[in-house]
Amino acid sequence: MNANETIASAAERSDHTVTSVNDAVEETGAQSAPVEEGKTVGKPHADNPKFKLRNVEVFYGQDRAIKDISLDIGRNEVISFIGPSGCGKSTFLRCLNRMNDSIDICRVKGQLMLDDEDIYHSKKDVVELRARVGMVFQKPNPFPKSIYDNVAYGPRIHGLANRKAELDEIVENSLRKAGLWSEAKDRLDSIATGLSGGQQQRLCIARAIAVNPEVILMDEPCSALDPIATARVEELIAEMSESYTIVIVTHSMQQAARVSNRTAYFHLGHLVEVNETTKVFTSPEHELTESYITGRFG
Amino acid sequence: MPDRKDDVYGDHISNKFNDELMALKTAFLEMGGLVESQVASAIDALVDNDGHLADEVRATDKKVDKMEIELDEEATLILARRQPTARDLRLVVAVIKMVSDLERVGDEAKKIAKFAIKLSEEGQAPRGYVEVRHISNHVLSMLHDALDAFARLDSEQALRIMKEDKRVDEEYQAATRTLLTFMMEDTRNISRCMSVMWILRALERVGDHACNIAENVIFMVKGEDVRHTPVEEAEKVVGR
């Protein structure tokens, strides 16, 4: 199905008939249509996409975890993926830098383009892809090495620095961008696992930034952090959005509302709705989105 | 309190959240009922020359003010505790705004009661009371319908109220002209007619507040702000 058809069918279904719910004369706003495969309401397309994803399906053995999802991710956009556990948002995220490759029974179908290059092309260099599309995980996972070596690791294996001075500069810049420099500059040789949880997560972000990626994927980056560390990381996301495209999976709806331009709602492997974040949280188009974000199921 | 299962705000996973939203809705409707009866009593006091009733209206306004503060507090607590989204958020935000409309309707009732006392003390033949009665019936039914539209989430009824407001404005203009004629006939009427003018003005404002409430109901139901937009635009929003 092409983009226009998707939009046309979404528009057609939004012209729903009003259903009365007990004493209420009409349902508030959102449509009550059930989720239809391959149909996403709202604005799944972007004018200048960094990622162009079409008819993506992911299988774990016989199980179809992602069902015909088409989505654009805009350049320098922050997009949030939300949805109940098991809805496929993390699986979908992990397709974007082929993290699913490590799972033997996992198969990915459909077209996944990064700047018009097929991510899943058989000749694609996955190491190079992951340098361009970095990732930050739920639990901070620094290497059991010094703070300096954690950040320098990527640039070293990708040969980004010829001299020690260059590497020092990359490490400093990355730590600065991740908002960790002032806390870490006097203890660069200390072991990274001695940092606090929030500092470790910012170190992981610095490590991701160090190889100069274009996209940063974040899989629940704040769920193991306290509110202050969370606020720091969110602040960082806002700053980083000037130079990177950011895709963030989060269970915190308030976080999605705070940090992202667009929000995508996943449900049982379907992409139900994509819209501007302000729209999703004030008047979502789809009934399922509404139910989820207002805490009516999940 | 209505059974939570009968209300679109009552089906959260958290029952406590349901209760909070329902309590907010109920308290708002209670306050609405109170200001409705305040306006009606103020007009009765005026037309029946009942100074005692007018005093009562003025005293009861304190209760209206108290309810405003309580509702605002309740709404603020829900925002802090629950971070509501979508329709829940629109309900809470709309209630916060509509509460000030209700409080001002209460103030208008108090104002009418004040003039009712003044006019009954002056004790002259009623002039312009027919117009007052007529317009008060009109705006009271608008207010009642606006609260009803809120209770039932009926955006079409809310739209009808927005349209009614124009008619009230016309009636107000016509009544003003009539009173001007009385004043020109006999200058001794002027003081008295000015008081009635203020009462008409207060009633016209009640109509405006009912209209504001109606606009907020459309926002709650449709998610679109129809304030400061032509009625035709609001019609399109409601038709969606």
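Top to bottom, those sequences are chains A and B.
Sequential numbering of the first sequence, starting at 133, is according to this note's numbering.
Sequential numbering of the second sequence, starting at 1253, is according to this note's numbering.
Note that the Cβ used here is the ideal one computed from N, Cα and C, for glycine as well.
Since this is a predicted model, take the numbers as computed values, not measurements.
Under a Cβ-count criterion, where at least 16 other Cβ atoms within 10 Å of its own Cβ denotes burial, should residue i be classed as buried or exposed?
i	result
residue 1253/B	Summary for residue 1253/B: the model assigns pLDDT 41, below 50, so the residue's position carries little reliability; its value from the coordinates is reported in the next sentence. Looking at its Cβ environment, which holds fewer than 16 other Cβ atoms inside 10 Å, residue 1253/B is exposed.
residue 185/A	buried
residue 314/A	exposed
residue 1483/B	exposed
residue 239/A	exposed
residue 1480/B	exposed
residue 1495/B	As displayed, chain B neither begins before 1253 nor continues past 1492, which places residue 1495/B out of reach and without an answer.
residue 1278/B	exposed
residue 255/A	exposed
residue 387/A	buried
residue 159/A	Confidence at residue 159/A is low in this model, with a pLDDT of 49, below 50, so the placement of that residue should be treated as unreliable; the coordinate-derived value is given next. Buried, since its Cβ has 16 or more Cβ neighbours within 10 Å.
residue 1407/B	buried
residue 1425/B	exposed
residue 1323/B	buried
residue 224/A	buried
residue 172/A	buried
residue 357/A	buried
residue 332/A	buried
residue 231/A	buried
residue 1427/B	buried
residue 359/A	exposed
residue 1331/B	exposed
residue 1409/B	buried
residue 253/A	exposed
residue 1382/B	exposed
residue 236/A	exposed
residue 435/A	Lying outside 133 to 430, the shown extent of chain A, residue 435/A is not represented and no answer is given.
Residues of chain C with CB closer than 8 Å to the CB of residue i, please, in chain order.
i	result
residue 1265/B	No chain C appears in the structure shown, which is made up of the protein chains A and B.
Got a sec, what are the start and stop residues for the beta strand (DSSP E) residue i sits in?
i	result
residue 429/A	That residue, residue 429/A, is in no beta strand (DSSP E); it is neither H nor E in DSSP.
residue 241/A	238-246
residue 1402/B	Premise fails: residue 1402/B lies in the alpha helix (DSSP H), 1381-1404, not in any beta strand (DSSP E).
residue 407/A	402-408
residue 167/A	No beta strand (DSSP E) holds residue 167/A; DSSP gives it neither H nor E.
Name the DSSP bridge partner or partners of residue i?
i	result
residue 278/A	323/A
residue 399/A	402/A
residue 349/A	267/A and 379/A
residue 203/A	185/A
residue 174/A	406/A
residue 192/A	195/A and 238/A
residue 1419/B	In the DSSP output, where bridge partners are listed per residue, residue 1419/B has none listed.
residue 213/A	381/A and 396/A
Should residue i and residue j be called a contact, given that it needs their Cβ atoms to be closer than 8 Å?
i	j	result
residue 1465/B	residue 1403/B	no
residue 373/A	residue 229/A	no
residue 422/A	residue 1419/B	no
residue 1401/B	residue 1294/B	no
residue 1445/B	residue 1417/B	no
residue 321/A	residue 280/A	yes
residue 1260/B	residue 1392/B	no
residue 170/A	residue 204/A	no
residue 1210/B	residue 1342/B	Only positions 1253 to 1492 of chain B appear in this structure, which leaves residue 1210/B out of reach.
residue 211/A	residue 393/A	yes
residue 1364/B	residue 1298/B	yes
residue 264/A	residue 347/A	yes
residue 180/A	residue 206/A	yes
residue 1414/B	residue 1486/B	yes
residue 1448/B	residue 1432/B	no
residue 1411/B	residue 1472/B	no
residue 1347/B	residue 1280/B	yes
Could you give the residue range of the alpha helix (DSSP H) that holds residue i?
i	result
residue 1273/B	1267-1299
residue 251/A	Taken as a continuous stretch (DSSP letters only), residue 251/A belongs to no alpha helix (DSSP H), as it is neither H nor E.
residue 1358/B	1338-1374
residue 1260/B	It is not in any alpha helix (DSSP H) - residue 1260/B carries neither H nor E in the DSSP assignment.
residue 332/A	329-342
residue 1462/B	1442-1474
residue 1315/B	1303-1334
residue 1481/B	Residue 1481/B -> no alpha helix (DSSP H), and no H or E assigned at all.
residue 223/A	221-227
residue 231/A	Run containing residue 231/A: none; DSSP gives neither H nor E here.
residue 309/A	296-309
residue 316/A	313-316
The region 185-199 of chain A touching the region 240-251 of chain A, judged by at least three CB pairs closer than 8 Å: yes
Inter-stretch contact at 8 Å, needing at least 3 Cβ pairs: the region 337-345 of chain A / the region 264-278 of chain A: yes
Given 8 Å, three or more beta-carbon pairs between the region 410-423 of chain A and the region 1301-1310 of chain B: no
Contact between the region 382-402 of chain A and the region 318-325 of chain A (3+ Cβ pairs under 8 Å): no
Cβ contact (3+ pairs, closer than 8 Å) linking the region 196-214 of chain A and the region 391-401 of chain A: yes
Sufficient close CB pairs (3 or more, under 8 Å) joining the region 360-370 of chain A to the region 165-185 of chain A: no
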